[in-house]
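All remarks here apply to the structure that follows.
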Amino acid sequence: MTDFNGWHMPLYYSGMTEEHNITRTSTGLFDLGHMGRVMVRGVGARSFLDNLTPAQLSKAKPGDVQYSFLLAETGCPIDDITIYTMSHTEYMLVVNAGNHDRAVAWIEKQAAHFGAVEIEDRSYSWGMIAVQGPEAEKVFRTVVGDSFPALSYYTFAMREDDGRWPTCIISATGYTGERGYEIYMPISGMEAVWTSLFDAGAKPIGLGARDSLRLEAAMPLYGHELTDATTPLAAGLGKFLDLEKGDFIGRAALLAQKEAGGPARKLIGFELTQRGPIARQGFDVCNSDGMKVGSVTSGIFSPTLQKTIGMAYIDAASAAVGSSLTVDIRGRKLPCIVVKKPFYKRSA
Amino acid sequence: MPVPPDVRFLKSHEWARKDGDLIAVGVSDYAIDQLNKEIVFLELPPVGRNVSVGAVFGVIEAVKAASDLYSPVAGKVVEVNESLPDNPTLLADDPYGAGWMIKVAPSSPADMDALLSVADYQKFCETEAHH
Numbered sequence: 003m004t005d006f007n008g009w010h011m012p013l014y015y016s017g018m019t020e021e022h023n024i025t026r027t028s029t030g031l032f033d034l035g036h037m038g039r040v041m042v043r044g045v046g047a048r049s050f051l052d053n054l055t056p057a058q059l060s061k062a063k064p065g066d067v068q069y070s071f072l073l074a075e076t077g078c079p080i081d082d083i084t085i086y087t088m089s090h091t092e093y094m095l096v097v098n099a100g101n102h103d104r105a106v107a108w109i110e111k112q113a114a115h116f117g118a119v120e121i122e123d124r125s126y127s128w129g130m131i132a133v134q135g136p137e138a139e140k141v142f143r144t145v146v147g148d149s150f151p152a153l154s155y156y157t158f159a160m161r162e163d164d165g166r167w168p169t170c171i172i173s174a175t176g177y178t179g180e181r182g183y184e185i186y187m188p189i190s191g192m193e194a195v196w197t198s199l200f201d202a203g204a205k206p207i208g209l210g211a212r213d214s215l216r217l218e219a220a221m222p223l224y225g226h227e228l229t230d231a232t233t234p235l236a237a238g239l240g241k242f243l244d245l246e247k248g249d250f251i252g253r254a255a256l257l258a259q260k261e262a263g264g265p266a267r268k269l270i271g272f273e274l275t276q277r278g279p280i281a282r283q284g285f286d287v288c289n290s291d292g293m294k295v296g297s298v299t300s301g302i303f304s305p306t307l308q309k310t311i312g313m314a315y316i317d318a319a320s321a322a323v324g325s326s327l328t329v330d331i332r333g334r335k336l337p338c339i340v341v342k343k344p345f346y347k348r349s350a
Numbered sequence: 713m714p715v716p717p718d719v720r721f722l723k724s725h726e727w728a729r730k731d732g733d734l735i736a737v738g739v740s741d742y743a744i745d746q747l748n749k750e751i752v753f754l755e756l757p758p759v760g761r762n763v764s765v766g767a768v769f770g771v772i773e774a775v776k777a778a779s780d781l782y783s784p785v786a787g788k789v790v791e792v793n794e795s796l797p798d799n800p801t802l803l804a805d806d807p808y809g810a811g812w813m814i815k816v817a818p819s820s821p822a823d824m825d826a827l828l829s830v831a832d833y834q835k836f837c838e839t840e841a842h843h
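Which chain is which? The protein sequence lines are A and B, in order. Offset between the first sequence (1-based) and my numbering: plus 2. Offset between the second sequence (1-based) and my numbering: plus 712.
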């Protein structure tokens, strides 16, 4: 067990590598109660979120999920979030556990200033469970049946209380690079959802494998790839920024960065050219002349690829795929190569 | 896990055991447990390297963190378990057997006398676990 932003959570259940491989080959089950859930309601909800986030809310239909950010005026994220459009007067925002307090404080502060919206923090009254992996669909259908609609990626539907499961919000989303679902429900119903998915064959996955799964899929983690000192443009997440929709918090800074020729550093994926130690967050990355050109944000030994991989912010000039660089690991410069992200892509 | 009675330990969890004229060196099952048995990388010295008591002879890296390996005895490394870096699970499965790391030709065989006995080491681990 480990302390994760004040939550007492298992780093692993049976073993990190084993759990990683289970999620890649069959079905992993994740207790994500630590993620924050915030409802935004009111006649002004849509225009409030249009101002609060860089998401294209005008294009979102009820049932859509969007990946977005809470940006500061600097254009750097306070948090990365998902936005669930329940209706044009009701939205659910999912925030990171580590940013919960400041994200909620930021949303409430902006809401007080904006008016016509009501904020409800459901983080401690609702839970969240994910089921992920190539067999997740089968496991999920064994439990919920075929009457629940097929969901395309990044959409959701409500499922009414059927006596076994409580009322749930179920989305085809995840943080593993696999297909599957994220399920939101009142805390009183979490045990029923967890137990039924477990009994249908999904295996519990701890935080350790959650990190290695997301990293193989090159999904960013706040505090690593995303910080309040880097913009989503630098992280290569420009496609999630609607700079044309009108003003929103952070837009001016993002436009200024674009006009200045783009971010000076870019987020890249790298792999060591031979099996070696883990390139951990904060380690220096150097070019072939031995000059420091960046630093590592996340690194693991990839169970799927059997390689040491990681992500790093690198000076734009050295960031091209195929570039030969080195990572300084405790005083030794080990060769690595810039590779295309993601490191892992599911086959279907 | 049963520990052979002639194994001796450092408080930093490396073990030493007489093997003919040589001394085999490895890492305790307790230490591997502390690393969640998830060893991803192991760096061992080349044959011929001189080691001294308490000096770093290698690195063991788990998902959580990397740790230096300290030599319990002084001497020259004459054998290295070359198969270990590719099969780090041996460290958890057979720490006092197939999981040996290096064999040292000791310059001072009496180094062994300064190490902890099995009982003293296990007592030490119990106190450490309660911190």
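C-beta: ideal position from N, C-alpha, C; glycine also.
Suppose contacts are defined by Cβ-Cβ distances below 9 Å. Is residue i in contact with residue j by that definition?
i: G100/A; j: G225/A; result: yes
i: L1/A; j: I316/A; result: The first residue shown for chain A is 3 and the last is 350, placing residue 1/A beyond what the model contains.
i: G17/A; j: N799/B; result: no
i: F769/B; j: L781/B; result: yes
i: D244/A; j: P56/A; result: yes
i: P265/A; j: T299/A; result: no
i: M130/A; j: A220/A; result: no
i: A822/B; j: I751/B; result: no
i: L722/B; j: L827/B; result: yes
i: V775/B; j: I280/A; result: yes
i: D230/A; j: P79/A; result: yes
i: L307/A; j: F345/A; result: yes
i: V146/A; j: S125/A; result: no
i: M94/A; j: I24/A; result: no
i: S795/B; j: V816/B; result: no
i: G182/A; j: E139/A; result: yes
i: G135/A; j: R26/A; result: yes
i: F71/A; j: G284/A; result: no
i: S60/A; j: K247/A; result: yes
i: V295/A; j: A262/A; result: no
i: K260/A; j: L239/A; result: no
Count the other CB atoms, across all protein chains shown, that sit within 10 Å of the CB of residue i; report buried if there are 16 or more and exposed otherwise.
i: G333/A; result: exposed
i: M813/B; result: buried
i: M293/A; result: exposed
i: D832/B; result: exposed
i: Q276/A; result: exposed
i: T839/B; result: exposed
i: M713/B; result: exposed
i: E184/A; result: buried
i: H102/A; result: buried
i: H842/B; result: exposed
i: P168/A; result: buried
i: L257/A; result: exposed
i: E137/A; result: buried
i: Y155/A; result: exposed
Quick test of your reading: residue i and residue j, contact by CB under 8 Å. State the CB separation rounded to the nearest angstrom.
i: F158/A; j: F50/A; result: Not confirmed; about 21 Å, so no contact.
i: V789/B; j: A778/B; result: 20 Å between Cβ atoms; not a contact.
i: R216/A; j: L223/A; result: 6 Å
i: R43/A; j: E92/A; result: 5 Å
i: Y86/A; j: S173/A; result: 7 Å
i: P818/B; j: V785/B; result: 5 Å
i: L153/A; j: Q112/A; result: Not quite, the Cβ-Cβ distance comes to about 30 Å (not below 8 Å), so this is no contact.
i: G144/A; j: T84/A; result: Reading off the sequence shown, one finds Thr at residue 144/A, where the question assumed Gly. Not quite, the Cβ-Cβ distance comes to about 26 Å (not below 8 Å), so this is no contact.
i: P188/A; j: W128/A; result: 6 Å
i: H90/A; j: R39/A; result: So it is not a contact: roughly 19 Å between Cβ atoms.
i: A118/A; j: V45/A; result: 6 Å
i: M41/A; j: E122/A; result: 4 Å
Can you name, in chain order, every residue of its own chain whose Cβ lies under 6 Å from the Cβ of residue i, other than the five neighbours on each side?
i: T76/A; result: A255
i: N98/A; result: D81 and Y224
i: V341/A; result: G271 and E273
i: T19/A; result: P305
In chain order, what residues of the same chain have a beta carbon less than 7 Å from the beta carbon of residue i, not counting five sequence neighbours either side?
i: V141/A; result: T29, V133, L199, A202, G203 and A204
i: C837/B; result: Y742
i: S326/A; result: S290, P337 and I339
i: V323/A; result: V340, V341 and K342
i: V715/B; result: Y808 and V830
i: F303/A; result: I280 and T310
If you drop the 5 nearest sequence neighbours on each side, which residues of the same chain put their C-beta closer than 8 Å to that of residue i?
i: V719/B; result: W727, A728, R729, Y808 and V830
i: H36/A; result: F6, N7, W9, M11 and A99
i: E21/A; result: Y14, Y15, G30, K205, P206, I207, G208, G210 and A211
i: G65/A; result: T87, T157, F158 and A159
i: P717/B; result: V830
(Q) Report the start-end ranges of each beta strand (DSSP E) in the segment 155 to 189 of chain A that is 3 residues or longer and not cut off at the edges. (A) Within the segment 155 to 189 of chain A, the complete beta strand (DSSP E) runs of at least 3 residues are 158 to 161, 170 to 173 and 182 to 188.
Q: Taking only runs that begin and end inside the segment 19 to 68 of chain A, name each unbroken alpha helix (DSSP H) of 4 or more residues, in chain order.
A: Every unbroken stretch of the alpha helix (DSSP H) spanning 4 or more residues and falling wholly within the segment 19 to 68 of chain A is given here in chain order: 47 to 54.
Q | Contained alpha helix (DSSP H) runs [length at least 4] in the segment 245 to 313 of chain A, N- to C-terminal order | A | The qualifying runs are 253 to 261.
Q | Ordered list of alpha helix (DSSP H) runs contained in the segment 737 to 774 of chain B, each at least 4 residues | A | With a minimum length of 4 residues, the continuous alpha helix (DSSP H) runs that stay inside the segment 737 to 774 of chain B are 741 to 746.
Q) Counting only runs that start and end within the segment 783 to 835 of chain B, where is the alpha helix (DSSP H) found for 4 or more residues in a row? A) Along the length of the segment 783 to 835 of chain B, whole alpha helix (DSSP H) runs at least 4 residues long occupy 801 to 805, reported in chain order.
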